[in-house]
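Structure first, commentary second.
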Amino acid sequence: MAHEKVILVTGGTGLVGNAIKTVIESENPKDEKWIFISSKDADLCNLEDTKRLFAKHQPTHVIHLAAMVGGLFHNMSHNLDFLRRNLHMNDNVLQVSYETGVKKVVSCLSTCIFPDKTTYPIDETMIHNGPPHPSNFGYSYAKRLIDVYNHAYHEQHGCTFTAVVPCNVFGPHDNFNLESSHVIPGLIRKLYDIIQQGGDTFVVMGTGKPLRQFIYSLDLAKLFVWVLREYKEVDSIILSVDEAAEVSIKDLTEELVKAFDFKGKVVFDTTKADGQFKKTASNAKLRKYLPDFQFTPFQQALKETVDWYKKYHDIARN
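Rendered as C-alpha coordinates:
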(Lines of atoms letter the chains of each structure in order from A and count residues from 1; the text may use other names and numbers.)
(Lines give C-alpha, C1' and ligand atoms only; values in the text may rest on other atoms or scores of the structure.)
Protein backbone atom coordinates (compact mmCIF):
# COMPACT_ATOMS: atom_id res chain seq x y z
CA MET A 1 0.00 0.00 0.00
CA ALA A 2 1.40 3.39 -1.00
CA HIS A 3 1.76 5.77 1.91
CA GLU A 4 -0.19 8.96 1.50
CA LYS A 5 2.47 10.95 3.37
CA VAL A 6 6.20 10.38 3.54
CA ILE A 7 7.62 12.50 6.36
CA LEU A 8 11.36 13.11 6.50
CA VAL A 9 12.70 14.26 9.88
CA THR A 10 16.15 15.89 9.68
CA GLY A 11 18.14 15.82 12.91
CA GLY A 12 15.95 12.83 13.71
CA THR A 13 18.25 11.21 16.29
CA GLY A 14 18.43 14.12 18.77
CA LEU A 15 16.27 15.05 21.75
CA VAL A 16 13.20 16.18 19.77
CA GLY A 17 13.60 13.66 16.92
CA ASN A 18 13.64 10.75 19.37
CA ALA A 19 10.57 12.14 21.15
CA ILE A 20 8.65 12.42 17.86
CA LYS A 21 9.67 8.82 17.04
CA THR A 22 8.30 7.67 20.43
CA VAL A 23 4.97 9.46 19.82
CA ILE A 24 4.63 8.07 16.27
CA GLU A 25 5.46 4.52 17.37
CA SER A 26 2.71 4.71 20.00
CA GLU A 27 0.20 5.89 17.36
CA ASN A 28 1.32 3.63 14.50
CA PRO A 29 -0.39 5.76 11.77
CA LYS A 30 -1.19 3.66 8.69
CA ASP A 31 -1.21 6.44 6.08
CA GLU A 32 2.17 7.94 7.06
CA LYS A 33 5.71 6.72 6.55
CA TRP A 34 8.19 8.41 8.91
CA ILE A 35 11.92 8.54 8.14
CA PHE A 36 14.32 9.80 10.82
CA ILE A 37 17.75 10.76 9.53
CA SER A 38 20.94 11.99 11.20
CA SER A 39 24.07 13.79 10.01
CA LYS A 40 25.47 10.34 9.11
CA ASP A 41 22.84 10.03 6.34
CA ALA A 42 23.62 13.34 4.60
CA ASP A 43 25.58 16.56 5.02
CA LEU A 44 22.75 19.07 4.71
CA CYS A 45 25.31 21.90 4.33
CA ASN A 46 26.10 20.29 0.95
CA LEU A 47 23.50 20.90 -1.79
CA GLU A 48 24.27 17.71 -3.77
CA ASP A 49 24.07 15.60 -0.62
CA THR A 50 20.72 17.20 0.25
CA LYS A 51 19.39 16.50 -3.28
CA ARG A 52 20.53 12.86 -3.05
CA LEU A 53 18.74 12.45 0.29
CA PHE A 54 15.47 13.84 -1.06
CA ALA A 55 15.73 11.77 -4.26
CA LYS A 56 16.21 8.63 -2.17
CA HIS A 57 13.28 9.14 0.23
CA GLN A 58 10.95 11.35 -1.89
CA PRO A 59 9.30 13.02 1.10
CA THR A 60 5.93 14.75 0.81
CA HIS A 61 6.47 16.48 4.19
CA VAL A 62 9.57 17.55 6.13
CA ILE A 63 10.20 18.29 9.81
CA HIS A 64 13.50 20.17 9.83
CA LEU A 65 15.23 19.81 13.21
CA ALA A 66 18.85 19.60 12.05
CA ALA A 67 21.07 22.49 13.14
CA MET A 68 24.58 23.21 14.31
CA VAL A 69 24.07 23.85 18.02
CA GLY A 70 26.31 24.34 21.04
CA GLY A 71 26.44 25.70 24.55
CA LEU A 72 26.85 29.37 25.38
CA PHE A 73 30.65 29.49 25.42
CA HIS A 74 31.06 27.52 22.21
CA ASN A 75 28.57 29.87 20.55
CA MET A 76 30.41 32.98 21.71
CA SER A 77 33.68 31.94 20.08
CA HIS A 78 32.23 30.49 16.84
CA ASN A 79 29.49 32.90 15.73
CA LEU A 80 30.62 32.83 12.08
CA ASP A 81 30.55 29.01 11.95
CA PHE A 82 27.08 28.91 13.48
CA LEU A 83 25.85 31.53 11.02
CA ARG A 84 27.28 29.95 7.86
CA ARG A 85 26.59 26.30 8.60
CA ASN A 86 23.00 26.92 9.66
CA LEU A 87 22.35 29.26 6.71
CA HIS A 88 23.68 26.65 4.24
CA MET A 89 21.68 23.87 5.86
CA ASN A 90 18.41 25.79 5.98
CA ASP A 91 18.83 27.15 2.46
CA ASN A 92 19.44 23.66 1.05
CA VAL A 93 16.57 21.96 2.91
CA LEU A 94 14.00 24.63 1.95
CA GLN A 95 15.16 25.01 -1.66
CA VAL A 96 15.27 21.24 -2.32
CA SER A 97 11.87 20.88 -0.60
CA TYR A 98 10.49 23.49 -3.01
CA GLU A 99 12.16 21.93 -6.07
CA THR A 100 10.89 18.42 -5.27
CA GLY A 101 7.31 19.53 -4.52
CA VAL A 102 7.28 18.87 -0.77
CA LYS A 103 3.81 19.89 0.43
CA LYS A 104 4.81 21.19 3.86
CA VAL A 105 7.95 21.92 5.87
CA VAL A 106 7.92 22.56 9.62
CA SER A 107 11.23 23.97 10.87
CA CYS A 108 12.37 24.41 14.46
CA LEU A 109 13.44 27.80 15.81
CA SER A 110 14.42 28.69 19.38
CA THR A 111 13.39 31.34 21.91
CA CYS A 112 17.01 32.62 21.90
CA ILE A 113 16.30 34.23 18.50
CA PHE A 114 14.11 36.90 20.10
CA PRO A 115 15.40 40.45 20.62
CA ASP A 116 17.69 40.81 23.62
CA LYS A 117 15.88 43.97 24.76
CA THR A 118 12.17 43.22 24.79
CA THR A 119 9.00 43.25 26.86
CA TYR A 120 7.49 40.08 28.34
CA PRO A 121 5.80 37.85 27.58
CA ILE A 122 7.42 37.38 24.17
CA ASP A 123 5.05 36.50 21.33
CA GLU A 124 5.35 35.52 17.66
CA THR A 125 5.08 39.11 16.37
CA MET A 126 8.34 40.16 18.10
CA ILE A 127 10.87 37.92 16.34
CA HIS A 128 12.39 40.71 14.21
CA ASN A 129 11.94 43.65 16.60
CA GLY A 130 15.62 44.15 17.43
CA PRO A 131 19.00 42.39 17.62
CA PRO A 132 19.29 39.10 19.50
CA HIS A 133 21.65 38.65 22.45
CA PRO A 134 25.21 39.31 21.18
CA SER A 135 26.58 36.06 22.65
CA ASN A 136 24.99 33.86 19.98
CA PHE A 137 24.02 36.28 17.20
CA GLY A 138 25.30 33.89 14.47
CA TYR A 139 22.95 31.07 15.44
CA SER A 140 20.08 33.46 16.21
CA TYR A 141 20.16 35.30 12.88
CA ALA A 142 20.44 32.05 10.90
CA LYS A 143 17.37 30.70 12.72
CA ARG A 144 15.47 33.98 12.37
CA LEU A 145 16.01 33.86 8.64
CA ILE A 146 13.99 30.63 8.43
CA ASP A 147 10.96 32.76 9.32
CA VAL A 148 11.91 35.19 6.51
CA TYR A 149 12.46 32.30 4.06
CA ASN A 150 9.06 30.79 4.92
CA HIS A 151 7.24 34.01 4.02
CA ALA A 152 9.31 34.53 0.86
CA TYR A 153 8.69 30.97 -0.41
CA HIS A 154 5.00 31.39 0.32
CA GLU A 155 4.79 34.76 -1.41
CA GLN A 156 6.74 33.74 -4.52
CA HIS A 157 5.83 30.05 -4.89
CA GLY A 158 2.81 29.44 -2.62
CA CYS A 159 4.74 26.99 -0.42
CA THR A 160 3.42 25.94 2.99
CA PHE A 161 6.64 26.33 4.95
CA THR A 162 6.26 27.24 8.62
CA ALA A 163 8.20 27.07 11.89
CA VAL A 164 7.70 26.40 15.59
CA VAL A 165 9.46 28.17 18.47
CA PRO A 166 9.79 25.89 21.52
CA CYS A 167 10.73 27.09 24.99
CA ASN A 168 13.49 25.13 26.85
CA VAL A 169 13.13 21.46 25.92
CA PHE A 170 14.27 18.55 28.09
CA GLY A 171 13.71 14.80 28.28
CA PRO A 172 15.19 11.40 27.43
CA HIS A 173 17.96 11.38 24.76
CA ASP A 174 19.09 14.90 25.74
CA ASN A 175 22.72 16.03 25.62
CA PHE A 176 24.17 15.48 29.12
CA ASN A 177 27.68 16.72 28.35
CA LEU A 178 28.79 19.12 31.08
CA GLU A 179 30.53 21.44 28.61
CA SER A 180 27.72 21.88 26.08
CA SER A 181 24.44 20.86 27.74
CA HIS A 182 21.50 23.02 28.73
CA VAL A 183 20.55 23.57 32.35
CA ILE A 184 18.36 20.50 33.12
CA PRO A 185 20.54 17.78 31.55
CA GLY A 186 23.65 19.55 32.92
CA LEU A 187 22.31 19.46 36.48
CA ILE A 188 21.09 15.86 36.11
CA ARG A 189 24.56 14.78 34.98
CA LYS A 190 26.25 16.75 37.77
CA LEU A 191 24.07 15.30 40.54
CA TYR A 192 24.35 11.78 39.08
CA ASP A 193 28.16 12.05 39.17
CA ILE A 194 28.15 13.37 42.76
CA ILE A 195 25.99 10.43 43.91
CA GLN A 196 28.19 7.91 42.03
CA GLN A 197 31.29 9.34 43.70
CA GLY A 198 29.67 9.29 47.16
CA GLY A 199 29.68 13.08 47.43
CA ASP A 200 27.41 14.95 49.84
CA THR A 201 27.30 18.49 48.37
CA PHE A 202 25.44 19.58 45.21
CA VAL A 203 26.79 22.96 44.04
CA VAL A 204 24.54 24.89 41.61
CA MET A 205 25.88 27.94 39.75
CA GLY A 206 24.18 31.28 40.45
CA THR A 207 21.51 32.38 42.91
CA GLY A 208 18.78 29.98 41.76
CA LYS A 209 16.42 32.92 41.15
CA PRO A 210 16.17 33.00 37.31
CA LEU A 211 12.85 31.77 35.91
CA ARG A 212 12.42 29.44 32.93
CA GLN A 213 9.65 27.67 31.04
CA PHE A 214 10.52 24.04 30.39
CA ILE A 215 8.64 21.79 27.97
CA TYR A 216 8.91 17.99 28.16
CA SER A 217 10.20 16.60 24.87
CA LEU A 218 7.26 14.17 24.55
CA ASP A 219 4.74 17.03 24.92
CA LEU A 220 6.66 19.04 22.32
CA ALA A 221 6.66 16.02 20.01
CA LYS A 222 2.85 15.73 20.19
CA LEU A 223 2.56 19.44 19.36
CA PHE A 224 5.03 19.11 16.46
CA VAL A 225 2.93 16.31 14.96
CA TRP A 226 -0.20 18.46 15.39
CA VAL A 227 1.52 21.37 13.59
CA LEU A 228 2.53 19.07 10.73
CA ARG A 229 -0.98 17.67 10.31
CA GLU A 230 -3.26 20.56 11.23
CA TYR A 231 -1.59 23.99 11.46
CA LYS A 232 -2.16 25.97 8.25
CA GLU A 233 -0.36 29.27 8.89
CA VAL A 234 3.01 30.32 7.46
CA ASP A 235 3.58 32.53 10.51
CA SER A 236 5.63 30.82 13.20
CA ILE A 237 3.98 29.50 16.37
CA ILE A 238 5.44 29.36 19.90
CA LEU A 239 5.16 25.91 21.51
CA SER A 240 5.54 26.56 25.21
CA VAL A 241 4.03 25.64 28.53
CA ASP A 242 1.80 28.29 30.10
CA GLU A 243 3.34 31.38 31.69
CA ALA A 244 2.12 30.17 35.08
CA ALA A 245 4.27 27.04 34.68
CA GLU A 246 7.53 29.01 34.90
CA VAL A 247 9.92 27.53 37.46
CA SER A 248 12.97 29.01 39.14
CA ILE A 249 16.34 27.26 38.99
CA LYS A 250 15.94 26.82 42.76
CA ASP A 251 12.60 24.99 42.27
CA LEU A 252 14.21 22.88 39.55
CA THR A 253 17.10 21.98 41.89
CA GLU A 254 14.67 20.95 44.66
CA GLU A 255 12.73 18.70 42.25
CA LEU A 256 15.97 17.09 41.06
CA VAL A 257 17.06 16.40 44.63
CA LYS A 258 13.69 14.65 45.16
CA ALA A 259 13.88 12.72 41.87
CA PHE A 260 17.33 11.39 42.80
CA ASP A 261 16.45 10.99 46.50
CA PHE A 262 19.67 12.89 47.29
CA LYS A 263 20.23 13.34 51.03
CA GLY A 264 23.23 15.72 50.88
CA LYS A 265 23.24 19.49 51.00
CA VAL A 266 22.60 21.95 48.19
CA VAL A 267 24.73 25.08 47.78
CA PHE A 268 24.07 27.96 45.36
CA ASP A 269 27.36 29.50 44.21
CA THR A 270 26.33 33.17 44.05
CA THR A 271 29.75 34.22 42.69
CA LYS A 272 28.64 32.72 39.34
CA ALA A 273 26.51 34.62 36.81
CA ASP A 274 22.76 33.98 36.60
CA GLY A 275 22.31 34.81 32.92
CA GLN A 276 18.99 36.34 31.81
CA PHE A 277 16.54 36.57 34.70
CA LYS A 278 13.56 35.50 32.57
CA LYS A 279 12.60 34.81 28.95
CA THR A 280 8.85 34.37 29.42
CA ALA A 281 7.07 33.34 26.22
CA SER A 282 3.34 33.59 25.57
CA ASN A 283 1.53 30.49 24.29
CA ALA A 284 -1.73 32.42 23.68
CA LYS A 285 -1.67 31.53 19.97
CA LEU A 286 -1.22 27.81 20.72
CA ARG A 287 -4.01 27.97 23.31
CA LYS A 288 -6.31 29.57 20.73
CA TYR A 289 -5.96 26.37 18.69
CA LEU A 290 -5.60 23.84 21.53
CA PRO A 291 -7.27 25.27 24.64
CA ASP A 292 -7.39 21.88 26.38
CA PHE A 293 -3.90 20.52 25.66
CA GLN A 294 -2.54 18.93 28.84
CA PHE A 295 1.17 19.32 29.52
CA THR A 296 2.92 16.65 31.59
CA PRO A 297 3.38 18.00 35.14
CA PHE A 298 6.96 19.26 35.53
CA GLN A 299 7.72 17.03 38.54
CA GLN A 300 6.61 13.90 36.66
CA ALA A 301 8.48 14.84 33.46
CA LEU A 302 11.65 15.53 35.42
CA LYS A 303 11.41 12.22 37.30
CA GLU A 304 10.92 10.31 34.01
CA THR A 305 13.99 12.05 32.55
CA VAL A 306 16.12 11.28 35.62
CA ASP A 307 14.99 7.63 35.57
CA TRP A 308 15.80 7.38 31.85
CA TYR A 309 19.27 8.82 32.44
CA LYS A 310 19.99 6.45 35.33
CA LYS A 311 18.89 3.49 33.21
CA TYR A 312 20.66 4.47 29.97
CA HIS A 313 23.64 6.37 31.41
CA ASP A 314 26.10 4.21 29.46
CA ILE A 315 24.62 5.05 26.05
CA ALA A 316 23.49 8.64 26.80
CA ARG A 317 25.24 11.59 25.19
CA ASN A 318 27.69 12.36 27.94
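With the UniProt record's numbering applied, the sequence shown has no gaps in its numbers, which climb one by one up to 318 at the end. Just so you know, even glycine gets a beta-carbon here, dropped at the ideal spot from N, CA and C. Source: prediction; values computed, not measured.
- For Leu239, no alpha helix (DSSP H) encloses it; the enclosing beta strand (DSSP E) starts and ends at Ile237 to Leu239.
- A straight-line Cα-Cα distance of about 19 Å links Leu223 and Lys103.
- Nearest in C-alpha terms to Ala245, of all of Phe82, His64, Phe268 and Ala301, is Ala301.
- The C-beta distance from Leu239 to Pro166 rounds to 5 Å, short enough to meet the 8 Å contact threshold.
- Under the three-state reduction of DSSP, Asn46 is assigned to coil, being neither helix nor strand.
- Taking the C-beta atoms as reference points, Ile215 is found nearer than 8 Å to Val169.
- Scanning its chain for C-beta atoms nearer than 8 Å, with the 5 sequence neighbours on each side dropped, one finds around Leu286 the residues Leu223, Ile237, Ile238, Leu239, Ser240 and Phe293, in chain order.
- Bounds of the beta strand (DSSP E) holding Phe268 are Lys265 to Asp269.
- Excluding the 5 residues flanking it on each side, Lys232 has same chain C-beta neighbours closer than 8 Å at Thr160, in chain order.
- Per DSSP, Tyr216 lies in no alpha helix (DSSP H) segment; the continuous beta strand (DSSP E) that holds it begins and ends at Phe214 to Tyr216.
- Around the beta carbon of Ile315, fewer than 16 other beta carbons lie within 10 angstroms, which makes this residue exposed.
- Close CB contacts of Trp34 within its chain, under the 6 Å cut and outside five residues either way in sequence, are with Ile7 and Ile24 (chain order).
- Excluding sequence positions up to five before and after Lys51, its CB lies within less than 6 Å of the CB of Val96, all in the same chain and listed in chain order.
- Leaving aside the five residues that flank Arg189 on each side, the residues in its chain whose CB is nearer than 8 Å to its CB run, in chain order, Phe176, Asn177, Leu178, Ser181, Tyr309 and Asn318.
- Across the structure, Leu44 and Thr201 are spaced so that their CA atoms are roughly 44 Å apart.
- For Ala259, same chain residues with a beta-carbon under 6 Å away, outside a window of 5 residues either side, are Leu302, Lys303 and Val306 in chain order.
- In this structure, Phe262 lies near Leu191, with their beta-carbon atoms less than 8 Å apart.
- The criterion of a C-beta distance shorter than 8 Å is satisfied by Lys117 and Gly130.
- The Cβ atoms of Cys112 and Pro132 lie closer than 8 Å to each other.
- Distance between Tyr312 and Gly171, taken at the CA atoms: about 13 Å.
- Excluding the 5 residues flanking it on each side, Lys278 has same chain C-beta neighbours closer than 6 Å at Leu211, in chain order.
- Here Leu8 is bridged, per DSSP, to Ile35 and Val62.
- The beta carbons of Ala273 and Gly198 sit no closer together than 8 Å.
- If the five residues before and after His57 are omitted, its C-beta is found closer than 6 Å to the C-beta atoms of Leu8 and Ile35, all from its own chain and listed in chain order.
- In the displayed model, Leu211 falls within a strand according to three-state DSSP.
- Sixteen is the threshold: since fewer than 16 other Cβ atoms of the shown chains lie within 10 Å of the Cβ of Glu155, the residue is exposed.
- Annotated as distal: Thr253 and Val203, with beta-carbon spacing of 8 Å or more.
- Distance check between Ser217 and each of His173, Asp242, Leu53 and Asn92 places His173 closest, using alpha-carbon atoms only.
- According to the DSSP assignment, Asn90 belongs to the alpha helix (DSSP H) that extends over Asn79 to Glu99.
- Burial state of Asn28 is exposed, judged by a 10 Å Cβ sphere holding fewer than 16 other Cβ atoms.
- Gly14 sits buried, since 16 or more C-beta atoms from the chains shown fall within 10 Å of its C-beta.
- Going by C-alpha positions, Gly275 is about 31 Å away from Tyr149.
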